[in-house]
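The structure appears right after this line, and notes come after that.
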Amino acid sequence: MTLNPLVTQTLTTAQIAIEIAATAAFALSGILEAVRKKLDVVGMTVVAFLAAFGGGTLRDVLLDRRPFFWVEHSWYVWAVLGLCVATGAWLRGHHLALTERAMQWPDALGLGLFAASGTQIALAAHMPPLIAVLMGVMTAVFGGVLRDVVCNEIPSAFHGHQPYAVCAFAGGWVVVACYFLALDSGIALALGASAASGLRLLAMWRDWRLPDLRIHR
Amino acid sequence: MTLNPLVTQTLTTAQIAIEIAATAAFALSGILEAVRKKLDVVGMTVVAFLAAFGGGTLRDVLLDRRPFFWVEHSWYVWAVLGLCVATGAWLRGHHLALTERAMQWPDALGLGLFAASGTQIALAAHMPPLIAVLMGVMTAVFGGVLRDVVCNEIPSAFHGHQPYAVCAFAGGWVVVACYFLALDSGIALALGASAASGLRLLAMWRDWRLPDLRIHR
Amino acid sequence: MTLNPLVTQTLTTAQIAIEIAATAAFALSGILEAVRKKLDVVGMTVVAFLAAFGGGTLRDVLLDRRPFFWVEHSWYVWAVLGLCVATGAWLRGHHLALTERAMQWPDALGLGLFAASGTQIALAAHMPPLIAVLMGVMTAVFGGVLRDVVCNEIPSAFHGHQPYAVCAFAGGWVVVACYFLALDSGIALALGASAASGLRLLAMWRDWRLPDLRIHR
Numbered sequence: 001m002t003l004n005p006l007v008t009q010t011l012t013t014a015q016i017a018i019e020i021a022a023t024a025a026f027a028l029s030g031i032l033e034a035v036r037k038k039l040d041v042v043g044m045t046v047v048a049f050l051a052a053f054g055g056g057t058l059r060d061v062l063l064d065r066r067p068f069f070w071v072e073h074s075w076y077v078w079a080v081l082g083l084c085v086a087t088g089a090w091l092r093g094h095h096l097a098l099t100e101r102a103m104q105w106p107d108a109l110g111l112g113l114f115a116a117s118g119t120q121i122a123l124a125a126h127m128p129p130l131i132a133v134l135m136g137v138m139t140a141v142f143g144g145v146l147r148d149v150v151c152n153e154i155p156s157a158f159h160g161h162q163p164y165a166v167c168a169f170a171g172g173w174v175v176v177a178c179y180f181l182a183l184d185s186g187i188a189l190a191l192g193a194s195a196a197s198g199l200r201l202l203a204m205w206r207d208w209r210l211p212d213l214r215i216h217r
Numbered sequence: 001m002t003l004n005p006l007v008t009q010t011l012t013t014a015q016i017a018i019e020i021a022a023t024a025a026f027a028l029s030g031i032l033e034a035v036r037k038k039l040d041v042v043g044m045t046v047v048a049f050l051a052a053f054g055g056g057t058l059r060d061v062l063l064d065r066r067p068f069f070w071v072e073h074s075w076y077v078w079a080v081l082g083l084c085v086a087t088g089a090w091l092r093g094h095h096l097a098l099t100e101r102a103m104q105w106p107d108a109l110g111l112g113l114f115a116a117s118g119t120q121i122a123l124a125a126h127m128p129p130l131i132a133v134l135m136g137v138m139t140a141v142f143g144g145v146l147r148d149v150v151c152n153e154i155p156s157a158f159h160g161h162q163p164y165a166v167c168a169f170a171g172g173w174v175v176v177a178c179y180f181l182a183l184d185s186g187i188a189l190a191l192g193a194s195a196a197s198g199l200r201l202l203a204m205w206r207d208w209r210l211p212d213l214r215i216h217r
Numbered sequence: 001m002t003l004n005p006l007v008t009q010t011l012t013t014a015q016i017a018i019e020i021a022a023t024a025a026f027a028l029s030g031i032l033e034a035v036r037k038k039l040d041v042v043g044m045t046v047v048a049f050l051a052a053f054g055g056g057t058l059r060d061v062l063l064d065r066r067p068f069f070w071v072e073h074s075w076y077v078w079a080v081l082g083l084c085v086a087t088g089a090w091l092r093g094h095h096l097a098l099t100e101r102a103m104q105w106p107d108a109l110g111l112g113l114f115a116a117s118g119t120q121i122a123l124a125a126h127m128p129p130l131i132a133v134l135m136g137v138m139t140a141v142f143g144g145v146l147r148d149v150v151c152n153e154i155p156s157a158f159h160g161h162q163p164y165a166v167c168a169f170a171g172g173w174v175v176v177a178c179y180f181l182a183l184d185s186g187i188a189l190a191l192g193a194s195a196a197s198g199l200r201l202l203a204m205w206r207d208w209r210l211p212d213l214r215i216h217r
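Chains as they are written, first to last, in full-length UniProt numbering: chain S, 1 to 217; chain Y, 1 to 217; chain E, 1 to 217.
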């Protein structure tokens, strides 16, 4: 199935816009955690990098893909450096709590986009479906995991009891389904990302919880 | 030296059986730690994966081997997923402490098997003997290390004061010795794994302790 | 620009001497942290390895370079093993605090040398300048980061509020500048390493602090 070039164009532009917003949201989540943990400017910058690029980098190491996207597009690194400086200045006059709530939106978009694109990249590298979906989840979630591990916290994705990685997982399977239906990859990306982001936004809105373990000790 | 095909067959079947038991034991150790740390189901699954596949994956990244064994045999991933679901259900009616003690046996078998097979894989990749042995130790031990780091604990392998990695180290040298004696690789695996597992079981039985550092401050 | 062979020879000898001193200093920093955290001998050895080889290994994984330098020169691994044994014995009769202060000097030299050589290796692998400098910083700093993460501490490089990684960053740019000026690589290494180490020593001597974040909450 081929798409109208205009539609493809719009999808691509939307993807780039979301990617930039999502990378910024992920980097910001690192900056905020660094501030909460009283790290210095170096720590803030490193944690921002880990949060923004950690997931995609781990995926690329596991798939043995080079160059990394932040090597190929090294202006991304400059942008995160700039964001660190700007946020440092901006945060002096603003409340952290507000910033955190405002960030949940681009974060949910990033979750979807990175899960869907990570799954596609893994499928293109001939991974079996389950592995490809897990690679997508990793792309979306492991930046935050590395951020939390370096800040000496149990990753929030692992004990938040809210659907987060699960939404990425669902979105990944949508991409796999599109792949087997031989749909255009732009459509697959859009559907998979929308599914994951939509689920995440729904989960936030309805305050869904993961099933409890309730263990007998 | 070539082996009677029947012996080879038996060794291979035994190896696969131990490998499955050991992977399950390692995954279970992750599940139990996740329960203790009150992680949610996502965290439990990730920590189970890290404990089961972390050591072998790190070895393969360091040796630049692809595909990973859990990519080539992706039913392993399904099995760990299934184990997480089954354990979640099972643990509601059983005591954790019991499970932990029951797990030490397959864990000791896994330690030996993974140390010996990791050393063999590294030797096959032309690593020098010491490095090959360390790769074997890593294969056997780093899953547990990653599990503990993600759960915000100092790895138990590093401050348990009980011989654990040391047993894997000894077993690795047995494999290297077999290699220089040009023994059949099935025999080398069996001897190395038995040495490591045997030492570990002995250490548990006799309650051996590592030499103390007793530092003057 | 070609150098007098005698000068090259002297530079190379100096480089090897500094490399050995720096690797020992990094390994020692791991040993001391392990002692402070009451790890056992296995933990001490692993943390010493992580501190000594972690940064260079991460750089090589990211650049997809093999074999690792500690595989090619596996006597380095033996040396660190020996250092662990020797330090274990030596520390029984000496104060930790003294050792720590004495170590700051070779650590500062190592910071400079590893930052400069890491940057050169990344430039040789055709990384863009900013990425190469960051690879140099990673080479110099990530061993200590891994050491601290495994010991369940927020990395001191991230919340020490003293210039450390920043000195490595500056030294990396000196190497990049030399590269664009087409200077001899021995000279570039010497200048970059001196810049980073010199800044670090200055920062320690003058007790420089990183700018504070001073956030409005």
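For each residue, glycine too, the CB sits at the ideal point set by N, CA and C.
Could you name the residues of chain Y that residue i contacts, counting a contact when the two beta carbons are closer than 7 angstroms?
{"i": "residue 151 of chain E", "result": "154"}
{"i": "residue 66 of chain E", "result": "64"}
For the alpha helix (DSSP H) that contains residue i, what are its first and last residues?
{"i": "residue 129 of chain Y", "result": "129 to 150"}
{"i": "residue 266 of chain E", "result": "Absent from the model: residue 266 of chain E. The displayed extent of chain E is 1 to 217, so no value can be given."}
{"i": "residue 170 of chain Y", "result": "165 to 180"}
{"i": "residue 208 of chain E", "result": "Counting along the chain, residue 208 of chain E falls outside any alpha helix (DSSP H), and DSSP gives it neither H nor E."}
{"i": "residue 88 of chain S", "result": "75 to 91"}
{"i": "residue 126 of chain E", "result": "First-last for residue 126 of chain E: undefined, no H or E at that position."}
{"i": "residue 161 of chain E", "result": "Residue 161 of chain E -> no alpha helix (DSSP H), and no H or E assigned at all."}
List the residues of chain S that residue i touches, going by C-beta distances under 8 angstroms, in chain order.
{"i": "residue 130 of chain E", "result": "74, 77, 78"}
{"i": "residue 192 of chain E", "result": "Neighbours of residue 192 of chain E on chain S: none; closest Cβ ~19 angstroms, over 8 angstroms."}
Taking the alpha-carbon of residue i as reference, which of the options has the nearest alpha-carbon?
{"i": "residue 103 of chain E", "options": "E:31, E:191, E:209, E:13", "result": "E:31"}
{"i": "residue 74 of chain Y", "options": "S:135, S:77, S:73", "result": "S:135"}
{"i": "residue 185 of chain S", "options": "S:68, S:89, S:127, S:117", "result": "S:117"}
{"i": "residue 193 of chain Y", "options": "Y:15, Y:9, Y:7, Y:5", "result": "Y:15"}
{"i": "residue 218 of chain E", "options": "E:62, E:29, E:61", "result": "Chain E is shown from 1 up to 217; residue 218 of chain E falls before or after that span and cannot be answered."}
{"i": "residue 42 of chain Y", "options": "Y:165, Y:124, Y:80", "result": "Y:80"}
{"i": "residue 127 of chain Y", "options": "Y:179, Y:85, Y:19", "result": "Y:179"}
{"i": "residue 53 of chain S", "options": "S:129, S:142, S:37, S:88", "result": "S:142"}
{"i": "residue 35 of chain E", "options": "Y:181, Y:196, Y:170, Y:158", "result": "Y:158"}
{"i": "residue 84 of chain S", "options": "S:62, S:70, S:49", "result": "S:49"}
{"i": "residue 212 of chain Y", "options": "E:88, E:25, E:77, E:17", "result": "E:88"}
{"i": "residue 65 of chain S", "options": "S:13, S:177, S:123", "result": "S:123"}
{"i": "residue 26 of chain E", "options": "E:61, E:105, E:209", "result": "E:105"}
{"i": "residue 205 of chain S", "options": "S:162, S:13, S:12", "result": "S:162"}
What in chain E is Cβ-close to residue i, meaning under 9 angstroms?
{"i": "residue 175 of chain S", "result": "Within chain E, no residue comes near residue 175 of chain S; the closest Cβ sits about 27 angstroms away, beyond 9 angstroms."}
{"i": "residue 61 of chain Y", "result": "61"}
Got a sec? Which residues, its chain only, sit under 6 angstroms from residue i by beta carbon, not counting five neighbours each side?
{"i": "residue 200 of chain Y", "result": "108, 111, 167"}
{"i": "residue 119 of chain E", "result": "132, 133, 136, 172, 175"}
{"i": "residue 77 of chain S", "result": "70"}
{"i": "residue 155 of chain E", "result": "145, 148"}
{"i": "residue 129 of chain E", "result": "176"}
So which residues of chain E does residue i contact, with C-beta pairs closer than 7 angstroms?
{"i": "residue 88 of chain S", "result": "213"}
{"i": "residue 40 of chain S", "result": "158, 159, 160, 161, 210"}
Can you pull the chain Y residues whose beta carbon is under 8 angstroms from the beta carbon of residue i, in chain order?
{"i": "residue 127 of chain S", "result": "71"}
Taking Cβ-Cβ distances shorter than 8 angstroms, what residues in chain E pair up with residue i?
{"i": "residue 110 of chain S", "result": "Within 8 angstroms Cβ-Cβ: nothing; residue 110 of chain S doesn't reach chain E, min ~22 angstroms."}
Between residue i and the rest of its own chain, which residues show a CB-CB distance below 7 angstroms, the 5 nearest in sequence each way excluded?
{"i": "residue 140 of chain Y", "result": "55, 111, 114, 115, 118, 168"}
{"i": "residue 37 of chain S", "result": "151"}
{"i": "residue 188 of chain Y", "result": "120, 175, 178, 179"}
Check the Cβ of residue i against every Cβ in chain S and list those closer than 7 angstroms, keeping chain order.
{"i": "residue 166 of chain E", "result": "42"}
{"i": "residue 46 of chain Y", "result": "158"}
Ordered along the chain, which non-local residues of its own chain (more than five positions away) have a Cβ less than 8 angstroms from that of residue i?
{"i": "residue 202 of chain S", "result": "208"}
{"i": "residue 138 of chain Y", "result": "55, 58, 59, 62, 118"}
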